[in-house]
Amino acid sequence: MNLRPTHFLTKVIGILLLFAIIQLFYPELGVFVYVILGLVSLLIAADLVYVCLPFRCEVYRTVSATVPLGVPSLVKMQVVNVSSRLLNITVTDHYPSVHSVEGLPVKLKLGSGQEGFPDYKITPLERGLFQFGRAELKLTSLFGFWNRFRKAGASNEIKVYPNYSEVMKYGILAAEQRLSTMGIRKKRHRGQGTDFHQLREFRKGDRLNPIDWKTTARYQKIISKDYQLEQDQQIFFLLDCGRRMRTFDAKLSHFDHALNAMLLLTYVASRQGDAIGMMTFAGEQRFLAPKKSSSNVNRFLNSLYDLTPTTQAADYISAVEKLQATVKKRAMVVILSNVREEDDEDLLKALKLLRKRHLVIFAALKEEVFEDEVAKPLNSFSDSLRYASLNEYLAERESTINNLRQNNITTLDVVPSKLHIEMVNKYLEIKSSSIL
């Protein structure tokens, strides 16, 4: 039996000891002090008997098997008092300690047969597979002198996935034709593209080139051909799992921002009818072959939810060689990484090699914190040193980015919070230009 005295009991004992000390100096108070000691001791003993009586509660926990990173999720709890007496209990759940919660512990006062619902919210701070232990109940005695602890309920497992809320938001806004609220620039390209879609009547403002003259002659009215954006193309992600992706901006690492952007673009490209695949480098090796499927987002989620960045350095040349040996068909290859001055030659060499067969986009995640630091006022010599070193770093980074662009490498230099929008806009731009 897990039984512990409360802080209240220790305070009461302290007061009783104080009375005993006072009685040494004032013997005439002896009878009064002994009576008080006897009564309080009886209460403590009776309280102990009460808390030791059998009690049983049934605890049920309901939590989604998969939850997105950084998004508060509701954990539903149900506690049923199946004992024959009134219980004052405090419910504490053994949630995965790496996450944050709000709403615990919860105090309940339950009569026999009554039930309580101590729901709370959990915000996952790391991806992966995590376990909930059994809930812990603290029964407080009638007079508050003792606490008795007991575990109840069952364990649960949850998978913390990358934040797919932007994917869901995109789907809702796309259905409502309100993508501009996300920053997605979806332009109309009437009659453009290379895949034939349908025949329709000519409308004022249409170009003359798509007119189908044979059909026009047959129906005695001008008929134009409508084309749609190309489908059955390949989008392939090359994801850096090395040390440079461990940088944090706000609550998420650059690696998590990259995963979120991958999910959104995977959703968008799958809706366009393209095949999506990915490969990791500079860490645990994972590969998903390009596949045309409406379930690509789930495929990515299940394959990447427990992947974490390592302390390895990125070897771009080796990664590109592996990709070239695996992906034969021309694809739009999106490399998610960051740049450092020491990468200049190897990175450019790898991207040039990749560009011979594929359309290459290099997405470099820019640290927001550095720009914020540079904008701070200079109030001391140490502030000046910090300002000079940060400016030197940013200048070297800018030089590397410009070098890539001068060599005709499409480069996105973007803060992590805007990466998903910039990637989708670049994808739609490339699709509409028919250069893939």
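Quick note: the sequence shown uses this note's numbering, first residue 1088, plus one each step. Note that the Cβ used here is the ideal one computed from N, Cα and C, for glycine as well.
By the 10 Å Cβ neighbour count, where 16 or more other Cβ atoms means buried, how is Gly1329 classified, buried or exposed? Your numbering for residue 1329 matches position 242 in the sequence shown. Its Cβ being crowded by 16 or more others within 10 Å, Gly1329 is buried.
Along the chain, where does the beta strand (DSSP E) that runs through Gln1165 open and close? Numbered from 1 along the sequence shown, position 78 holds the residue referred to as residue 1165. Segment Ser1160 to Asn1168, the beta strand (DSSP E) holding Gln1165.
Pick out whichever of Leu1441, Thr1210 and Ala1412 has its Cα sitting closest to the Cα of Lys1338. Walking along the sequence shown from the start, residue 1338 turns up at place 251. If we check each option's Cα against that of Lys1338, Thr1210 comes out closest.
Those residues which DSSP pairs with Arg1148 across a bridge: By 1-based counting over the sequence shown, the position of residue 1148 is 61. According to DSSP, Arg1148 bridges with Met1164.
To the nearest angstrom, how far is it from the Cα of Ile1448 to the Cα of Lys1246? As a working mapping, residue 1448 is identified with position 361 in the sequence shown. As a working mapping, residue 1246 is identified with position 159 in the sequence shown. Ile1448 and Lys1246: Cα-Cα distance of roughly 31 Å.
Here's the rule: buried if 16 or more other CB atoms are within 10 angstroms of the residue's CB, otherwise exposed. What is Ile1108? In the sequence shown, residue 1108 corresponds to position 21, counting from 1. Exposed is the call here.
I need the boundaries of the beta strand (DSSP E) containing Gly1215, first residue and last residue. In the sequence shown, residue 1215 corresponds to position 128, counting from 1. Start and end: Gly1215 to Phe1219.
Below 9 Å between beta carbons: does that hold for Thr1367 and Asp1327? Mapped onto the sequence shown, residue 1367 falls at position 280. Mapped onto the sequence shown, residue 1327 falls at position 240. For Thr1367 and Asp1327, yes; Cβs fall inside 9 Å.
Distance, Cα to Cα, Leu1346 vs Arg1427? For the purposes of this step, residue 1346 is taken as the residue at position 259 of the sequence shown. For the purposes of this step, residue 1427 is taken as the residue at position 340 of the sequence shown. So the alpha carbons of these two residues sit roughly 21 Å apart.
With DSSP collapsed to three states, give me the class of Gln1321. In the sequence shown, the residue the question calls residue 1321 occupies position 234. Three-state result, Gln1321: strand.
Contact between the stretch 1125-1144 and the stretch 1230-1250: three or more CB pairs below 8 Å? yes
Report yes if the CB atom of Phe1095 is closer than 9 Å to the CB atom of Leu1226, and no otherwise. Counting from one through the sequence shown, the residue named residue 1095 turns up at place 8. Counting from one through the sequence shown, the residue named residue 1226 turns up at place 139. No; because the gap between Cβ atoms is not below 9 Å, this pair is not in contact.
Whole-Å CB distance - Lys1436 paired with Ile1488, under 8 Å assumed: Here residue 1436 refers to the residue found at position 349 when the sequence shown is read from its first residue. Here residue 1488 refers to the residue found at position 401 when the sequence shown is read from its first residue. With 8 Å as the limit, Lys1436 and Ile1488 do not qualify as a contact, their Cβ atoms being about 16 Å apart.
Determine the contact status of Leu1352 and Val1407, defining contact as a CB-CB distance below 9 Å. In the sequence shown, the residue the question calls residue 1352 occupies position 265. In the sequence shown, the residue the question calls residue 1407 occupies position 320. Cβ atoms of Leu1352 and Val1407: not closer than 9 Å.
For Phe1217, the nearest candidate out of Ser1151, Tyr1251, Lys1308 and Tyr1480 (CA to CA): The residue labelled residue 1217 in the question sits at position 130 within the sequence shown. Ranking the options by Cα distance to Phe1217, first place goes to Ser1151.
State the Cα-Cα distance for the pair Ala1418 and Tyr1251, rounded to the nearest angstrom. Your numbering for residue 1418 matches position 331 in the sequence shown. Your numbering for residue 1251 matches position 164 in the sequence shown. Cα to Cα, Ala1418 sits roughly 24 Å from Tyr1251.
Report the rounded CA-to-CA distance for Glu1244 versus Lys1518, giving the unit in angstroms. Residue mapping note: residue 1244 aligns to position 157 of the sequence shown, counting from 1. Residue mapping note: residue 1518 aligns to position 431 of the sequence shown, counting from 1. For Glu1244 and Lys1518, the distance between alpha carbons rounds to 41 Å.
With burial defined as no fewer than 16 other Cβ atoms inside 10 Å of the residue's Cβ, what is the status of Gln1611: buried or exposed? Only positions 1088 to 1523 of the chain appear in this structure, which leaves residue 1611 out of reach.
Which complete beta strand (DSSP E) runs does the stretch 1167-1191 hold, if anything under 3 residues is left out? 1174-1179 and 1187-1189
Where do the N-terminal and C-terminal ends of the alpha helix (DSSP H) with Ile1517 fall, by residue? For the purposes of this step, residue 1517 is taken as residue 430 along the sequence shown, with counting starting at 1. First-last of the alpha helix (DSSP H) with Ile1517: Leu1506 to Ser1520.
Would DSSP call Ile1131 helix, strand or coil? As a working mapping, residue 1131 is identified with position 44 in the sequence shown. Reduced to three states, the DSSP call for Ile1131 is helix.
Cα-Cα separation between Val1099 and Leu1191, rounded to whole angstroms: Locating residue 1099 in the sequence shown gives position 12, where the first residue counts as 1. Locating residue 1191 in the sequence shown gives position 104, where the first residue counts as 1. C-alpha separation (whole angstroms): 28 Å.
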